[in-house]
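Report on the structure given below.
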DNA sequence: CATGAATGAGAATTCATTCAT
DNA sequence: CATGAATGAATTCTCATTCAT
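Protein chains in written order, with the working numbering: chain A, 106 to 312; chain B, 106 to 312; chain C, 106 to 312; chain D, 106 to 312.
Next up, the structure:
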């Protein structure tokens with residue numbers, strides 16, 4: 106019973122943290138971190154301003170906490186649950202997964218991405234907690250393929266960052282709607298073309 | 106004489122604008138747009154706070170004006186002055202050029218990039234003034250190569266954004282120093298590997 | 106039995122009040138009344154914040170309650186238990202007693218003293234409850250000595266306040282350590298010199 | 106002309122500082138340092154809140170600045186302008202001078218005195234800047250009289266602090282009105298009796 | 001009665017912007 | 001045009017107090 110009540114309290118506290126974080130993510134994504142006020146966050150989260158500070162010691166702490174939330178989305182599932190043998194299928198599965206993630210967590214990530222240009226500590230945190238874990242499996246896979254002679258000798262780190270950049274720019278531009286031309290490109294088609302680009306390259310075999 | 110004095114005045118005004126913009130760029134890159142104060146900008150530019158407002162109506166206007174400054178760096182030179190015929194050489198030349206640009210203008214661009222996540226208007230402005238012009242030539246080139254059957258049918262828009270993302274991520278990570286592994290990769294080697302990735306793809310020809 | 110249980114309850118309540126008051130005294134003396142938080146008081150007292158408000162209706166009430174606690178330290182003992190006949194011995198006994206009190210209760214009094222400069226009500230309370238009772242016996246004694254021709258005609262009120270001020274300043278300065286020169290003056294020597302000053306004055310008899 | 110304009114600016118700034126300090130002194134003395142808000146200080150000083158921070162970096166800084174203002178009131182004048190030879194006259198002159206000071210600067214000192222119980226740094230500052238300078242001349246005088254055999258051997262430091270305490274308590278109590286009995290004692294009579302107490306002591310010569 | 005999470009009214013401080021000189 | 005003192009709205013964070021459990 107003591108244990109239960111302890112658990113209960115902890116669960117309540119954890120729920121509150123999440124509740125506040127959701128409100129913060131919403132407001133931050135609408136107005137940006139700096140223009141969002143703690144009052145707005147409180148309102149969006151359905152709590153009072155003071156309550157925010159019972160769970161986070163600083164407005165910036167909300168950003169840091171978001172990093173942790175994002176860190177959980179590695180690609181473990183894809184690689185553990187019988188990954189496709191065909192590189193083409195595997196790469197497409199990864200890209201589709203990242204696209205879904207972008208659509209879901211995009212609003213949460215945008216204000217975070219903005220701050221990493223200014224906040225060194227946050228940048229390192231995001232890199233260590235999110236980028237590294239998310240790219241680990243892909244890196245390993247690329248390295249294996251290189252070692253077995255199926256992939257060219259291109260540094261797996263460069264490859265994974267290239268893939269990330271490619272997706273962030275293309276998916277981000279499509280989602281943000283700044284370039285009309287993306288309206289004619291479906292997510293699936295985009296994924297297909299990125300797969301081709303990365304596996305086959307631009308050059309047509311002249312053999 | 107009237108014309109002359111007008112010209113003179115205009116030149117002075119233009120010089121002042123640039124002077125202020127340089128100060129702003131410096132301070133913004135050091136502290137980020139929001140944490141930089143107009144007082145600091147004034148000091149860095151060597152003018153008084155009031156003077157800033159004689160040339161820009163708003164702190165945010167400084168950001169907008171920076172976009173124009175950046176818009177001038179298209180790749181026109183490379184494509185106009187006898188571009189290399191070999192795609193490999195051409196792509197590498199482009200990448201090296203962009204790397205130099207990143208090293209030079211990176212600090213000026215960082216705070217700008219940060220804001221496009223929050224500021225819709227700025228995002229569109231930057232896209233129209235900088236991204237579109239900078240990618241126009243590459244897009245055209247890719248399209249030509251596709252039409253002539255030398256490049257695979259991958260949407261030139263996707264390709265150019267992929268290249269941008271690839272460069273921003275890889276060069277940005279190398280410059281910011283968050284990942285030690287980039288210390289062992291020279292800019293030239295990075296460029297070479299990106300060329301290979303984009304032209305040949307990862308897959309080794311099994312023919 | 107009803108009486109007993111009531112007594113028991115009352116004793117418990119009284120104990121709690123004291124417990125809280127001790128915690129408050131400790132925290133107030135460390136950080137001052139205004140900078141001390143009720144949370145800190147609660148922690149120091151070993152109770153929850155809410156419990157404080159079951160016994161005191163206001164943070165300020167804690168200060169008021171402290172005044173009562175201090176009011177008990179009149180000089181009754183010295184004057185009731187066969188007071189020394191020699192004024193010199195009596196005065197020294199009083200001074201030594203007050204010095205001990207200062208060393209013990211000083212930390213508790215400091216935040217209280219600070220507030221009397223701002224809080225009129227508290228000032229009057231402290232004066233009525235502590236200063237008046239503590240000086241009553243001395244005042245009476247001085248008046249008797251004047252009436253009997255042994256002391257000069259100096260208003261006993263002035264004399265007692267002079268003695269208080271003299272002790273507060275000298276002992277306070279010695280205890281707080283702001284003036285190194287007090288390190289070379291023992292409490293006993295300080296008491297002796299104050300006795301001489303008050304009984305004989307500065308002037309050497311020129312007779 | 107350049108010099109003049111510089112002087113002018115400096116004078117303006119100094120005037121503003123004083124203006125703000127006067128407002129602060131007024132509000133602090135009415136409500137106490139902690140309960141006084143910067144908004145109230147601004148209003149009392151006739152400036153905006155922001156202006157306060159153009160001249161003082163912190164609310165507490167206002168207190169520190171007050172210490173400096175008070176430091177100027179040493180007793181130099183009395184000791185330099187043909188001091189009375191008779192100790193009785195000299196001591197009375199000093200006491201009357203301090204009484205005037207208390208009446209004038211009392212409101213400014215009260216909130217300061219309150220804070221020295223909590224704020225170590227302020228305590229030391231006030232002691233070094235105000236107490237030490239104000240008591241220097243008296244200390245020297247007492248020491249001389251002791252050396253020449255006219256005063257008893259009582260540590261001059263103890264004597265001056267005793268005098269201070271005596272005056273602060275008696276004058277403070279008279280000014281604050283907490284004890285009705287001070288209504289029947291004029292400032293002059295109070296001064297006379299303190300002189301007698303300090304020079305002749307309480308004991309009537311039994312010779 | 002005990003608890004401590006929730007509250008929200010402030011409070012100190014900052015800073016973009018204005019404007020008199 | 002240049003200046004920089006003045007402004008005051010806005011913001012983050014604190015903390016005494018309440019109240020449901």
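The beta carbon of each residue, even a glycine, is placed where N, CA and C say it ideally should be.
Beta-bridge analysis with DSSP links residue 292/A to no other residue. When DSSP assignments are scanned along the segment 242-283 of chain C, no uninterrupted stretch of beta strand (DSSP E) that is 3 or more residues long falls wholly within it.
Collapsing the DSSP output to three states places residue 307/D in coil. In the DSSP assignment, residue 223/A falls outside any alpha helix (DSSP H) and carries neither an H nor an E. Per DSSP, reduced to three states, the secondary structure at residue 216/A is helical. Along the segment 159-217 of chain C, the alpha helix (DSSP H) occurs as fully enclosed runs of 4 or more residues at 164-176 and 181-185, listed in sequence order. About 6 Å separates the beta carbons of residue 280/C and residue 211/C, which is inside the 8 Å limit, making them a contact pair. The way I'd put it, the segment 301-310 of chain B does touch the segment 249-263 of chain A; three or more beta-carbon pairs between them come closer than 8 Å. Under the three-pair Cβ rule at 8 Å, the segment 263-270 of chain D does not count as touching the segment 163-171 of chain D. By a beta-carbon distance limit of 8 Å, residue 134/A contacts residue 213/A. Their separation comes to about 7 Å. If the five residues before and after residue 263/B are omitted, its C-beta is found closer than 6 Å to no C-beta atom of its own chain. Each residue's CA atom was taken as its position, placing residue 208/A and residue 118/B some 46 Å apart. Under the Cβ criterion of 7 Å, residue 182/C is not counted among the residues facing chain D.
Against chain D, a Cβ distance below 9 Å from residue 148/C picks out nothing, because the smallest value is about 20 Å.
Contact of residue 121/B with chain A by beta-carbon distance below 8 Å is absent, the smallest such distance being about 27 Å. Between residue 232/D and chain C, the shortest Cβ-Cβ separation is below 7 Å.
Residue 300/C sits close to residue 193/C, with the two beta carbons spaced by under 7 Å. In this structure, residue 219/C places its C-beta atom within 7 Å of the C-beta atom of residue 222/D.
Counting the other CB atoms within 10 Å of its CB gives residue 235/A a total of 16 or more, which places it among the buried residues. By the rule that beta-carbons nearer than 7 Å mark a contact, residue 139/B touches chain A. Pairing residue 136/D with residue 217/D, the inter-Cα distance amounts to about 12 Å. Here residue 151/A really is in contact with residue 124/A; their C-beta atoms are around 7 Å apart, less than 8 Å. Remark: C-beta atoms of residue 276/C and residue 229/D do not approach each other more closely than 7 Å. Of the residues assessed, residue 129/D falls on the buried side of the cut-off, its CB having 16 or more other CB atoms within 10 angstroms.
For residue 216/B, the neighbours in chain A by C-beta distance under 9 Å run, in chain order, 222 and 223. By the criterion of a C-beta distance shorter than 7 Å, residue 160/D is surrounded in its chain by 121, 122 and 125, once the five residues flanking it on both sides are discounted. If you look at residue 140/D, you'll find it isn't in any alpha helix (DSSP H); DSSP assigns it neither H nor E. For residue 257/B, the C-beta contacts it makes with chain A under 7 Å involve 301, 305, 307 and 309, in order along the chain.
Closer than 7 Å to the CB of residue 163/D there is not a single CB belonging to chain C. Judged by DSSP in its simplified three-state form, residue 151/D adopts coil rather than helix or strand. Using a CB distance below 9 Å, the part of the segment 266-280 of chain A facing chain B consists of 266, 267, 268, 269, 270, 271, 272, 273, 274, 275, 277 and 278, ordered along the chain. By the Cβ neighbour-count rule, residue 298/D is buried, with 16 or more other Cβ atoms within 10 Å of its own. Rounded to whole angstroms, the separation of the alpha carbons of residue 138/D and residue 231/D is 16 Å. Chain B has no Cβ within less than 7 Å of the Cβ of residue 190/A.
Below the 9 Å Cβ cutoff, chain D contributes 232, 236, 237, 262 and 266 as neighbours of residue 284/C, in chain order. Using beta-carbon distances, residue 174/B does not count as an interface residue toward chain A, since no partner is under 7 Å.
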